[in-house]
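For the sequence shown, the positions run 6 to 626 when this note's numbering is used.
Notes for the one structure printed next.
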Amino acid sequence: MRHQAFNSELIRDQHPVTTAVPVPRDHESPGQCARARGPLGAIAKVVCCRTWLAVLVLSLWPGRSHAAAPTLTRLFPAGGQRGTTVKVECTGKFKWPVKIWAPGVKVVALKDSGQIQVTIPADLAVDRVWIRLYDAEGASPALPFLLSNLAEFLEKEPNNRLGKAQPLLGGTQSPPQGAAKDGDAAGKKGSRPGSHGVANGILQSAGDVDGFSVFVKAGSTLVADMAANARLNSPVDAVLQVVTPDGFVVAENHDGVGIDPRLAFTPTRTGTYIVRVFGFPSKPNSSITYSGAATYVYRLTLTTGPFIANAARVSVVAGTKSVPVFGWNIPKGTEVPVRGEVKSLREVESVFAKQIPASSEVGFVQRREFAGRARIRTVPFKTVGVARPGGGPGVALAPPVAVTGCLDTHNQFTRHVFQLKKGTTYSLSAESSTFELPVIPMMRIMAPDGSRAAQSSDPGTGKETHLRFSPKVDGPYEVQVFDRYRHHGPGHFYQVTIVPEETDCELTISADMLVVTPKKPLEVEVVVTRRNGSGGKLGPITIAVEGLPKGMTSAPVVSQPDGATSKKVKLTITTDGSAFSGPIRIIGKCTKPAKFQRAARTPVKFGNAFETTWLTGTAKK
């Protein structure tokens with residue numbers, strides 16, 4: 006990354022009302038610019054002077070500037086180590102200082118524009134938090150701030166040549182005294198590089214290559230894992246390479262998690278190796294050169310210690326305390342605690358799109374002394390651990406159930422048998438990318454007589470497939486899972502979930518930031534997706550706003566089972582001019598055929614969504 010001076014002029018543009026005026030000659034004052042011969046000269050002079058006066062008055066008139074909500078386009082570094090305090094640069098447009106919303110961490114706006122200080126609790130049980138800037142005019146989008154267990158450091162240029170590679174800190178995984186304060190754990194020049202750390206960098210411009218030197222013993226495994234496009238939305242398709250000091254490439258990866266690279270390298274000789282990073286645009290263009298931009302932010306985890314890639318069961322029954330994990334350098338038999346997300350930080354999935362129960366929740370597994378982590382799902386029904394090829398498909402399972410599988414041999418398909426009933430409609434999903442896994446799973450269903458009963462369609466650019474299936478006879482049905490491109494390997498895990506379709510609904514809104522003013526009521530469109538299952542037809546849904554402050558009102562609306570409101574309704578929010586900034590929820594309640602409630606979710610971002618949306622009520626002026 007080629008660091009540039011931070012631009013402190015991050016102030017909202019103000020556009021005073023202006024009027025075209027005559028331009029004076031070099032030797033004339035504004036009052037003389039209209040000087041002319043004859044009777045029109047005096048008139049022109051008066052008009053010119055009055056025009057300048059009008060410009061001055063309008064420019065100074067209160068409220069004439071166009072107020073704008075803060076914007077936030079980048080955080081750097083884009084994460085930090087648990088138990089440390091990190092100085093972070095915010096990029097965007099805002100009038101400093103702004104207010105900051107970041108549940109789970111303590112954030113302080115520093116004196117310099119765009120600079121904040123983030124303090125991360127050592128025991129924070131999430132793998133990312135969200136940071137949002139806001140003021141009286143509105144709020145910025147919330148950006149993710151990732152958390153790790155390793156010492157962190159900032160990339161330092163020049164590091165694009167082999168001889169200039171930046172060394173990692175030596176010693177243990179814990180940061181040295183003083184390193185926690187600023188997050189810089191880079192080793193000193195000339196010392197032997199260490200084997201653990203998280204590099205925070207930017208591929209700043211075209212041709213930029215970042216290199217980091219790592220000490221690796223023969224027989225040990227170095228894991229390099231990059232978070233950029235998938236977890237930070239950086240518009241880069243990055244490449245990781247491990248090279249020897251004299252330039253020979255000994256390991257390489259392009260697409261380990263989505264289009265972000267991840268690799269594991271086990272050398273036969275002890276020594277220093279260079280891990281280098283370069284990239285191309287995530288949306289390809291005509292150029293074939295290495296690409297770079299200020300938005301190419303990344304986090305690179307490097308370790309020869311334990312690294313968690315995924316759980317042995319990517320779904321677990323709610324209340325499960327621990328689960329075995331897969332990855333590298335993990336002692337056999339190790340189980341890692343299952344963490345449910347803190348309520349104020351909880352992310353939600355699109356349950357209809359993924360064909361999962363509404364009671365499912367997002368969770369994750371991590372361990373303080375391990376690098377990496379794995380996203381999981383907690384569900385209210387049986388789950389089965391890794392199913393590998395062997396003596397057949399095994400015992401028939403009764404839905405609802407979730408099964409984790411692995412495609413680890415060439416041209417393989419795995420077989421799962423489920424006992425299904427005629428007259429019941431089932432939802433089947435095969436997932437991988439949800440849990441940051443590389444498989445593009447497809448399914449085919451074989452009937453009890455051996456004939457093909459159904460097959461999932463090509464997922465296209467997606468990495469999940471879904472089926473709705475109604476069996477014609479009772480009996481055991483075999484679900485075969487295979488990779489779209491017949492890829493395989495020890496890390497090629499997936500999950501198949503099969504559940505009977507139940508009567509339910511899902512509510513969605515199109516924005517996670519809303520603004521209401523005293524002069525104009527705010528209309529919020531809520532999309533209602535209904536599903537009629539074995540429970541019967543879904544009845545009326547009463548939809549209302551929760552969390553409005555005093556001075557704001559919104560009348561509930563009803564989505565009827567049929568007609569236009571069955572698919573879409575509009576809520577109206579009004580304000581008397583009381584200032585407000587904060588999260589609200591839109592809740593739908595139903596009593597037929599059963600009593601339940603659902604919260605409207607925001608658009609999906611980085612794989613998940615939220616059940617709250619940010620509302621700004623501007624003050625009366």
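Every residue, glycine too, gets a C-beta built ideally from N, C-alpha and C.
Going by DSSP, which residues form a beta bridge with residue i?
i	result
residue 432	473 and 504
residue 586	621
residue 361	DSSP output for residue 361 lists no bridge partner at all.
residue 258	245
residue 421	484
residue 314	For residue 314, which the question treats as bridged, DSSP gives no partner whatsoever.
residue 99	Note: residue 99 sits in no beta bridge, so no partner.
residue 279	218 and 248
residue 139	104 and 144
residue 610	613
residue 530	575
residue 549	592
residue 90	124
residue 525	522
residue 201	308
residue 629	Nothing about residue 629 can be read from this structure; the chain reaches only from 6 to 626.
residue 331	315
residue 381	368
residue 426	In the DSSP output, where bridge partners are listed per residue, residue 426 has none listed.
residue 157	203
Can you say whether residue i is buried or exposed, counting buried as having 16 or more other CB atoms within 10 angstroms of its CB?
i	result
residue 37	Here residue 37 scores only 42 on pLDDT, less than 50, and its place in the model should not be relied on; the value that follows carries that caveat. The residue in question, residue 37, is exposed, as its Cβ has fewer than 16 Cβ neighbours within 10 Å.
residue 276	exposed
residue 253	exposed
residue 517	buried
residue 625	exposed
residue 278	buried
residue 236	buried
residue 618	buried
residue 290	exposed
residue 293	exposed
residue 172	buried
So which of the options has the shortest CA-CA distance to residue i?
i	options	result
residue 245	285, 155 and 273	285
residue 565	409, 582 and 547	547
residue 415	459, 460, 492 and 362	492
residue 363	354, 405, 399 and 429	354
residue 562	111, 549, 367 and 90	549
residue 451	482, 469, 434 and 476	482
residue 273	137, 91 and 220	220
residue 569	541, 595, 592 and 535	535
residue 456	440, 470 and 477	477
residue 72	524, 140, 510 and 125	140
residue 530	523, 542, 572 and 101	572
residue 527	514, 200 and 577	577
residue 239	300, 270, 281 and 223	300
residue 198	405, 216 and 463	216
May I ask you to report which of helix, strand or coil DSSP gives residue i?
i	result
residue 273	coil
residue 439	helix
residue 300	coil
residue 626	coil
residue 325	coil
residue 206	strand
residue 168	helix
residue 226	coil
residue 412	coil
residue 236	helix
residue 73	coil
residue 558	strand
residue 2	Summary: the structure shown does not reach residue 2, with the chain confined to residues 6 through 626, and so no result is reported for it.
residue 569	helix
residue 581	coil
Return yes when at least one heavy atom of the ligand FAD lies under 7 angstroms from the C-beta of residue i, else no.
i	result
residue 612	Judged by which ligands are present, the structure shown has none, so any question about the ligand FAD falls away.
Practice task
Pair every Cβ in the region 597-606 with every Cβ in the region 223-242, then say whether three or more of these pairs are closer than 8 angstroms.
Solution key: Taking a contact to require three or more Cβ pairs closer than 8 angstroms, the region 597-606 and the region 223-242 do not qualify as touching.
Exercise for the section: Determine, using beta-carbon pairs with one atom in the region 83-94 and one in the region 149-169, whether at least three such pairs fall under 8 angstroms. Expected result: Yes, the region 83-94 touches the region 149-169.
Handout entry: Validate contact between the region 371-385 and the region 307-314 using beta carbons, cut 8 angstroms, 3 pairs
Key = Cβ pair count under 8 angstroms is three or more, so yes.
Practice task
Could you tell me whether the region 586-593 touches the region 479-497, where touching means 3 or more Cβ pairs closer than 8 angstroms?
Solution key: The region 586-593 is not in contact with the region 479-497.
Exercise for the section: Kindly confirm or deny that the region 154-168 and the region 95-109 touch, where touching means at least three C-beta pairs closer than 8 angstroms. Expected result: Verdict: no, contact absent.
Practice task
Please confirm if the region 608-615 is in contact with the region 550-557, defined as three or more CB-CB distances below 8 angstroms between the two stretches.
Solution key: Inter-segment contact for the region 608-615 and the region 550-557 is absent: fewer than three beta-carbon pairs are separated by less than 8 angstroms.
Problem - Three or more C-beta pairs below 8 angstroms linking the region 99-110 and the region 127-137 - result: The region 99-110 makes contact with the region 127-137; the number of CB pairs closer than 8 angstroms reaches 3 or more.
Practice task
State whether the region 251-265 contacts the region 330-345, with contact taken as three or more CB pairs (one from each stretch) at a distance under 8 angstroms.
Solution key: Flag = no, the region 251-265 and the region 330-345 do not touch.
Exercise for the section: Mind the definition here: the region 424-440 touches the region 501-516 only if three or more C-beta pairs lie below 8 angstroms; say whether that holds. Expected result: Taking 8 angstroms as the limit for Cβ pairs, the verdict is that the region 501-516 does touch the region 424-440.
Problem - Stretch pair the region 439-451 + the region 503-512: three plus CB contacts closer than 8 angstroms - result: Touching, no.
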